[in-house]
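Enquirer: Numbering (the numbering used here), first residue to last: 2 to 247.
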Amino acid sequence: MIFAVLFTGLVIYLAAVSPWWGTRSYRKLERERSRPLFIRMMSLWVGELWALAAVSLLLVALSPDLDLARIGLAVPEDGVVFAGMLIGMIVVAVAFGALAFVMEKKKGVVVGPGREVFSALMPRDRTERWYAAALAVTAGVCEEIVFRGLLIAVGVHVLGLPLPVAAGLALALFAIGHLYQGPRGMIAVTLFGLAFTMLYLRTGSLIPVILLHAMADLRAFLLNPATRAGDTAQAGAAQGVGAGSR
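#1: If you draw a straight line from the alpha carbon of residue 201 to that of residue 50, how long is it in whole angstroms?
#2: In three-state terms, what does DSSP make of residue 1?
#3: Please classify residue 124 as buried or exposed, where buried requires at least 16 other C-beta atoms within 10 Å of its C-beta.
#4: Please list the terminal residues of the continuous alpha helix (DSSP H) segment that includes residue 146.
#5: Using a Cβ-Cβ cut-off of 8 Å (strictly less than) and excluding sequence neighbours within five positions of residue 195, which residues of its own chain qualify?
#6: Using three-state DSSP, classify residue 184 as helix, strand or coil.
#7: Could you check if residue 192 is buried or exposed, using at least 16 other CB atoms within 10 Å of its CB as the buried criterion?
#8: Consider the Cβ of residue 120: report whether some Cβ of chain D lies at a distance smaller than 9 Å.
#9: Could you check whether the region 61 to 80 touches the region 33 to 47, counting it as contact only if at least three pairs of C-beta atoms, one from each stretch, sit closer than 8 Å?
#10: On a CA-only basis, which of 190, 164 and 167 is nearest residue 175? Give me that one, please.
#11: Keeping to the same chain, check which residues put their C-beta closer than 8 Å to that of residue 160; ignore five residues upstream and five downstream.
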């Protein structure tokens with residue numbers, strides 16, 4: 002009974018409350034872009050994601066049909082493949098870090114194509130980059146536990162749904178959670194989510210998916226900061242008008 006009520010509440014939150022709150026928060030950040038508001042929004046979104054992950058783990062503890070392995074928190078059985086993937090991801094992460102360092106030293110770096118859909122989330126200085134990095138890593142861990150791990154496991158092992166149906170419903174909730182990005186952004190999120198889902202189902206582990214998701218978000222946030230010249234102008238404009246992967 003407790004499991005059913007808690008899981009139903011989680012699904013309602015993911016399907017309705019989180020998309021509404023995320024969109025509302027993001028629109029406010031677009032209108033009143035400033036460092037204090039950016040930091041506050043990032044902190045709230047990080048807190049929300051960790052709370053959702055905690056609820057997910059509580060649901061696992063409450064259900065006799067679930068355990069950590071069934072939500073993907075286990076090392077893939079094929080250790081050689083996993084080790085190769087891990088090494089590859091580390092190499093990519095180091096390359097991204099080096100590129101970010103180079104771009105930090107250069108001027109005139111612009112927001113990349115397609116990132117206009119969440120341009121207000123682009124960090125504009127070193128402090129904001131730390132908060133953006135925290136959100137990126139948090140989203141990589143928590144969104145995978147919730148959307149790929151828990152939802153698919155509950156669908157298959159508790160509700161008895163076919164795996165494709167459970168995975169599809171989880172992917173739909175994942176896309177809806179990014180409503181603030183608009184139709185174009187949600188299409189991109191759906192494609193990324195589909196890739197993450199396929200990787201998870203292929204390996205049976207969330208670990209490589211979490212690493213890949215976190216690196217993808219880190220790249221989106223940290224390798225495409227707004228221009229320094231533009232930062233100054235936009236920051237001034239934001240201060241003139243006023244003081245959520247997400």
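Glycine included, C-beta positions come from ideal geometry on N, C-alpha and C. Being a predicted model, the structure only gives us computed values, none of them experimental.
Expert: Put simply:
#1: A straight-line Cα-Cα distance of about 20 Å links residue 201 and residue 50.
#2: The displayed coordinates of the chain run from 2 to 247. Any statement about residue 1 would go beyond what the structure contains.
#3: Classification of residue 124: buried, given that the 10 Å Cβ count is 16 or more.
#4: Note, residue 146: premise wrong, no alpha helix (DSSP H); not H, not E.
#5: Correct list, in chain order: 172.
#6: Helix, per DSSP.
#7: With fewer than 16 other beta carbons inside 10 angstroms of its own, residue 192 counts as exposed.
#8: Given the protein chain composition of this structure (a single chain), no chain D is represented.
#9: These segments do not touch.
#10: It is 190 whose Cα lies nearest to the Cα of residue 175.
#11: Within the same chain, residue 160 has close Cβ partners 167.
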